[in-house]
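Participant: My questions all concern the structure below.
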Amino acid sequence: MIRDLLQSAREAEQEADRILERAEAQSRRIREEAQKKADAYRRQKQEEFAGRARKQREMVQQEEDVKRIAARESLSLELGKLRDDAVKKEAEAVAFLLAEVF
Numbered sequence: 002m003i004r005d006l007l008q009s010a011r012e013a014e015q016e017a018d019r020i021l022e023r024a025e026a027q028s029r030r031i032r033e034e035a036q037k038k039a040d041a042y043r044r045q046k047q048e049e050f051a052g053r054a055r056k057q058r059e060m061v062q063q064e065e066d067v068k069r070i071a072a073r074e075s076l077s078l079e080l081g082k083l084r085d086d087a088v089k090k091e092a093e094a095v096a097f098l099l100a101e102v103f
């Protein structure tokens, strides 16, 4: 009878150990799955952020390109006006000199 009780206690202890091992294994699997999901979510958010940052850089670059083009066109117009003024002044100077000579 005592042997039966001791045997029964050993079997119960072994069964408890097996249950504990299964629970620990299941807990490890759950943690690993949760870690994988967290890593995937983090990567997704990083990719989304990188995409938004890339689009923002492209927009800034386009704005800078437009500003450079506008500045270049403005300078070109100003240079054209200066050339026209120089041609007029030169023509006036030539006309003045011709008037003085003749």
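For what it's worth, my numbering labels the leading residue of the sequence shown as 2, then goes sequentially.
Backbone N, C-alpha and C define an ideal beta-carbon position, used for all residues, glycine too.
1. Since M60 is in the alpha helix (DSSP H), which residue starts that stretch and which ends it?
2. Less than 6 Å between C-beta atoms, sequence neighbours within five positions excluded: which residues of the same chain meet that for E25?
3. Less than 8 Å between C-beta atoms, sequence neighbours within five positions excluded: which residues of the same chain meet that for R58?
Facilitator: The relevant details are as follows:
1. I3 to V102
2. So the list is empty, once near-sequence residues are dropped.
3. Close CB contacts of R58 within its chain, under the 8 Å cut and outside five residues either way in sequence, are absent.
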